[in-house]
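Listed in order, the protein sequences are those of chains A and B.
The opening position of the first sequence corresponds to residue 1 in the working numbering, with each subsequent residue numbered one higher.
The opening position of the second sequence corresponds to residue 1001 in the working numbering, with each subsequent residue numbered one higher.
Even for Gly, the Cβ is constructed at its ideal location relative to N, Cα and C.
So the structure is just underneath, and the comments pick up after that.
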Amino acid sequence: MKLEVDQIVDLDKKLIEKLPEEYKDKVVIKGSGTGKRLEIEIDPLDLCKVLPVVKETGYDHFLGITVIDHPDENVFELVYLISSTKRSGALLVIRTKLNRDNPVIDTASFIYPLAYYQEIEAYEFFGIKFNNHDGLKLWILEDNWRGPPPLRKDVDTRKIVLDLYYGGKRYERPVQWRSLGGLRNTNGDQNE
Amino acid sequence: MVIRMSKRVISIFLGPQHPGAPGNVAFKLLVDGERVLDIELVPGFLHRGFEKMMEYRRWDMDLVMSARICVEDPDHVELAFTHALEQIYGIEPPEKAKYVRVVVAEFSRLASHLLWMMHFAGPIAARYATSWAIAAREEILKWFDYVTGHRIYHHYIFPGGIRWDIPSDFKERTLKVLKHIEPLIRDLEKGFFKHPIFVKRARDLGRLKPGDAIRLGATGPVLRGSGVKHDLRKLLKYDAYGEIDFEIAHGEYGDAYDRAMVRLKEMYISMEIIKQAISKMPIDGPYRWRLQPAIPAGEGIGRVESARGEFIAHIINKPPNKFSGPLTPYRVKFRGPTMAHLTTVLKHIVRNEEITIADLPVLIGSLDPCPPDIDR
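Spelled out as structure tokens, the structure:
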């Protein structure tokens, strides 16, 4: 385990040298176990400045994009997961925040081809638009889905399903509280 | 459905109910006579909205649901979910659980590779190989039934350790299974993998260079078949893999034959890992730490080397608010290996090589897709 940390710290220096001025002191090591990673938080406009540098320094293996919806802060958080085959699988995480009212960011598909399909997924489930992306469409969802992007936090998919298929009524099975020490879920009153 | 683009070039669908299609996906092909010019994936036939459903449910329910994401290799998805959750709780599983997890994960890999023979040997018309592989897999399913109580979805790997303690004759029983399946796999090697018809069919088909494999996001046996020695078990040394001595199976040429041979070698390596894990495993000691029901705020990324490639579970939890309760995770995202293999990798191969419609089932079979992890 110690060796792993040393490698990541060594990597730090090479990456920091090439990063744009404003991000040189923003690289941090986070996480534990298999999730040990380097993290940089960037401005969404600088994505196409940072990604080529990251690819040059050896982070060549694109894994995916996670989108997190924060309606209380009015932002979408995009998390780019990139690993390195040259540096024994080290993980780099690039985070960026988009305004929730008009979420637009440049596509990464010219740098990492797999991002093309991950971006289609972000588009259909969260409604994020990508500049210069020619294939944004409903891909995993059905073509005739007319509702809002379903993975947004303020979309209640249970309500949509109840309205669409059960006329708004359905018998809910009572929840067994015993199994988790009697602690109740305060997530609205869905489980009551 | 056939769309005529010109006199010769037409666009046709392959799947999802076509016998040559690998599970619940369709492909849109652009063909010129027999030759496939371009291929486009049409997923979504098995979209169940797991990521949204998990936001409504407690984390112990989510674990049970996570296994459904990849039917053929469920234990690695559970393992990724468990790693991510354990990072949020900030705990390490007990020593005994680490070894049991390795044994369960490797048996899951063996079962998955044996089931893959069905998708792969079937289209080559080697039905005998399919039956032998399923016979060997049956022994592993019986073992799972005995140890975990279930045949297909086990939910045995649990945040904090393993769900139940192992039975008293765990070691003897496991060794007996290995003794039973090893000759069957040796038969498969002689009867199928070394068979001249198979070698002629799969050699030089769908070559993927190492640089391209990395660039396009390939993982697992597809990446290793191209000669890149990249295995998270060796690199990240999660659970008890750091204590176990094993080699990384890899190919040289990167064609369909090399990818198949990597899976065969991995079956032998898996059996070796299981034997070592069993001999080094502590018999006494705790098997699970009890976790508090409410998840602390935090973020966890669980990365595991599944039978098909790198599987990631990314869990984010925030303090309870209007949108999320104390027992439910705020957001769960899974990254499966299949999306890269069926989109970028397959497209690259089809565009750069002369692939006919008859080659497609062999080519797609050699990538070992599990379409549910695209749809989720």
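Note down, in chain order, each residue of its chain lying with its Cβ closer than 6 Å to the Cβ of B:Asp-1368, except the 5 sequence neighbours on either side.
In the second sequence, residue 1368 of chain B corresponds to position 368, counting from 1. Answer for B:Asp-1368: Trp-1116 and Arg-1308, listed in chain order.
CA-to-CA distance, B:Gly-1217 to A:Leu-92, given in whole angstroms:
One-based indexing of the first sequence puts residue 92 of chain A at position 92. One-based indexing of the second sequence puts residue 1217 of chain B at position 217. Computed Cα separation, rounded: 15 Å.
With 8 Å set as the bound, which would you pick, yes or no: does the beta-carbon of B:Glu-1310 sit closer than that to a beta-carbon of chain A?
Taking the second sequence and counting its residues from 1, one reaches residue 1310 of chain B at position 310. Yes, B:Glu-1310 lies at the interface with chain A (some Cβ there is under 8 Å from its Cβ).
At what residues does the beta strand (DSSP E) containing B:Leu-1114 begin and finish?
Taking the first residue of the second sequence as position 1, residue 1114 of chain B is located at position 114. Here B:Leu-1114 belongs to no beta strand (DSSP E); instead the alpha helix (DSSP H) covers 1095-1121.
Could you tell me the distance, in whole angstroms, from the CA atom of B:Ala-1294 to the CA atom of B:Gln-1087?
Working through the second sequence from its first residue, we reach residue 1294 of chain B at position 294. Working through the second sequence from its first residue, we reach residue 1087 of chain B at position 87. Approximately 14 Å between the Cα atoms of the pair.
Which residues of chain A have a Cβ atom closer than 7 Å to the Cβ of B:Met-1339, listed in chain order?
The residue labelled residue 1339 of chain B in the question sits at position 339 within the second sequence. Correct list: Tyr-117.
Chain A contacts made by the segment 1297-1331 of chain B, where a contact means CB separation under 9 Å
In summary, the residues of the segment 1297-1331 of chain B whose CB is separated from some CB of chain A by less than 9 Å are Glu-1299, Gly-1300, Ile-1301, Gly-1302, Arg-1303, Val-1304, Glu-1310, Ile-1312, His-1314, Ile-1316, Lys-1318, Pro-1320, Asn-1321, Lys-1322, Phe-1323, Ser-1324, Gly-1325, Pro-1326, Leu-1327, Thr-1328, Tyr-1330 and Arg-1331, in the order they occur in the chain.
Tell me the start and end of each unbroken alpha helix (DSSP H) in the segment 1253-1301 of chain B that is at least 4 residues and wholly inside, in chain order.
Runs of the alpha helix (DSSP H) inside the segment 1253-1301 of chain B: 1256-1280.
Taking its Cβ as the centre, do 16 or more other Cβ atoms sit within 10 Å of B:Asp-1073, making it buried, or is it exposed?
Taking the first residue of the second sequence as 1, we reach residue 1073 of chain B at position 73. Buried.
For A:Val-27: DSSP bridge partner residues:
As a first step, residue 27 of chain A is located in the first sequence; it is residue number 27 there, counting from the start. According to DSSP, which records beta bridges pairwise, A:Val-27 is partnered with nothing at all.
If you follow the beta strand (DSSP E) that A:Ala-90 is in, where does it begin and where does it stop?
Looking up residue 90 of chain A in the first sequence gives position 90. A:Ala-90 -> no beta strand (DSSP E), and no H or E assigned at all.
Taking Cβ positions only, does B:Leu-1232 come closer than 8 Å to chain A?
As a working mapping, residue 1232 of chain B is identified with position 232 in the second sequence. For B:Leu-1232, the answer is yes, since a Cβ of chain A falls inside 8 Å of its Cβ.
According to a CB-to-CB cut-off of less than 9 Å, which residues of the segment 1069-1101 of chain B neighbour chain A?
Ala-1080, His-1083, Ala-1084, Glu-1086, Gln-1087, Gly-1090 and Glu-1092
A:Ala-115 and A:Phe-62 look like a contact to me (Cβ under 8 Å); what is the Cβ gap, rounded to whole Å?
By one-based count along the first sequence, residue 115 of chain A stands at place 115. By one-based count along the first sequence, residue 62 of chain A stands at place 62. Confirmed, about 6 Å.
Does chain B have any CB closer than 8 Å to the CB of A:His-61?
The residue given as residue 61 of chain A occupies position 61 in the first sequence. Cβ-Cβ to chain B under 8 Å: yes for A:His-61.
Identify whether B:Leu-1367 lies in helix, strand or coil by the three-state DSSP scheme.
Your numbering for residue 1367 of chain B matches position 367 in the second sequence. Here B:Leu-1367 sits in coil by DSSP.
Starting from B:Pro-1049, find everything on chain A with Cβ-Cβ shorter than 8 Å and list it in chain order.
Locating residue 1049 of chain B in the second sequence gives position 49, counting from the first residue. Reading off the sequence, residue 1049 of chain B comes out as Gly, not Pro. Per Cβ cutoff of 8 Å: Pro-150 and Thr-157.
Spatial neighbours of A:Pro-150 within its chain, please: CB distance less than 7 Å, with the 5 preceding and 5 following residues excluded, ordered by chain position.
Residue mapping note: residue 150 of chain A aligns to position 150 of the first sequence, counting from 1. Only Phe-125 and Thr-157 meet the Cβ criterion.
Check whether the segment 94-103 of chain A and the segment 121-139 of chain A are in contact - that is, three or more C-beta pairs closer than 8 Å.
yes
Per DSSP, A:Leu-78 forms a beta bridge with which residues?
Position 78 of the first sequence, counted from the first residue, corresponds to residue 78 of chain A. Answer is A:Val-67 and A:Thr-96, bridged to A:Leu-78.
Write down every uninterrupted run of the beta strand (DSSP E) in the segment 1023-1057 of chain B whose length is 3 residues or greater and which is fully enclosed by it, in chain order.
1026-1032 and 1035-1042
Validate contact between the segment 1270-1281 of chain B and the segment 1169-1179 of chain B using beta carbons, cut 8 Å, 3 pairs:
Result yes; three or more Cβ-Cβ pairs closer than 8 Å.
In chain A, what lies closer than 8 Å to B:Leu-1216 by C-beta?
Taking the first residue of the second sequence as position 1, residue 1216 of chain B is located at position 216. Going along chain A in sequence order, the residues near B:Leu-1216 (Cβ under 8 Å) are Pro-113 and Leu-114.
Cβ distance (whole Å) where B:Trp-1289 is taken to contact B:Ile-1091 below 8 Å
Counting from 1 along the second sequence, the entry for residue 1289 of chain B is found at position 289. Counting from 1 along the second sequence, the entry for residue 1091 of chain B is found at position 91. Indeed they touch by this definition, with Cβ atoms about 6 Å apart.
Given a threshold of 16 other Cβ atoms within 10 Å of its Cβ, counted over all protein chains shown, does B:Val-1345 qualify as buried or as exposed?
In the second sequence, counting from the first residue as 1, residue 1345 of chain B sits at position 345. So B:Val-1345 counts as buried.
So, under 8 Å CB-CB, A:Ile-68 and B:Arg-1303 are touching, yes? Tell me the CB distance rounded to an integer number of Å.
On the first sequence, position 68 is the one that residue 68 of chain A refers to. On the second sequence, position 303 is the one that residue 1303 of chain B refers to. That belief does not hold up - the Cβ atoms of A:Ile-68 and B:Arg-1303 are roughly 18 Å apart, past 8 Å.
What residue does the alpha helix (DSSP H) around B:Glu-1138 start on, and which one ends it?
Taking the first residue of the second sequence as 1, we reach residue 1138 of chain B at position 138. Run containing B:Glu-1138: 1127-1148, per the alpha helix (DSSP H) assignment.
Any beta strand (DSSP E) of 3 or more consecutive residues that is wholly inside the segment 1324-1350 of chain B:
1331-1335
Going by CA-CA distance only, name the one from B:Pro-1221, B:Leu-1188 and B:Tyr-1253 that's closest to B:Leu-1208.
Here residue 1208 of chain B corresponds to residue number 208 of the second sequence, with the count starting at 1. Ranking B:Pro-1221, B:Leu-1188 and B:Tyr-1253 by Cα distance to B:Leu-1208 puts B:Tyr-1253 first.
Let me know the secondary structure DSSP gives A:His-61 once reduced to three states.
Along the first sequence, one-based indexing puts residue 61 of chain A at 61. A:His-61 falls in the strand class under three-state DSSP.
So the candidates are B:Asp-1239, B:Ala-1297 and B:Met-1261; which of them puts its Cα closest to the Cα of B:Glu-1095?
In the second sequence, residue 1095 of chain B corresponds to position 95, counting from 1. For the set B:Asp-1239, B:Ala-1297 and B:Met-1261, the Cα lying nearest the Cα of B:Glu-1095 is the one of B:Asp-1239.
Can you tell me whether DSSP reads A:Leu-38 as helix, strand or coil?
Indexing the first sequence from 1 puts residue 38 of chain A at position 38. Here A:Leu-38 sits in strand by DSSP.
Counting only C-beta atoms, is A:Lys-153 closer than 8 Å to chain B at any point?
Your numbering for residue 153 of chain A matches position 153 in the first sequence. A:Lys-153 counts as touching chain B.
Closest residue to A:Leu-98 among A:Gly-167, A:Val-161 and A:Pro-44 (Cα-Cα distance):
Working through the first sequence from its first residue, we reach residue 98 of chain A at position 98. When only C-alpha atoms are compared, the closest one is A:Pro-44.
Kindly examine the ligand SAH and report whether one of its heavy atoms sits closer than 7 Å to the Cβ of B:Leu-1037.
Only the bare structure without any ligand can be found here, which leaves the ligand SAH out of the picture.
By the criterion of Cβ-Cβ separation under 7 Å, what are the contact partners of A:Gly-147 in chain B?
Numbered from its first residue, the first sequence carries residue 147 of chain A at position 147. In chain order: nothing, as chain B lies at least about 12 Å away.
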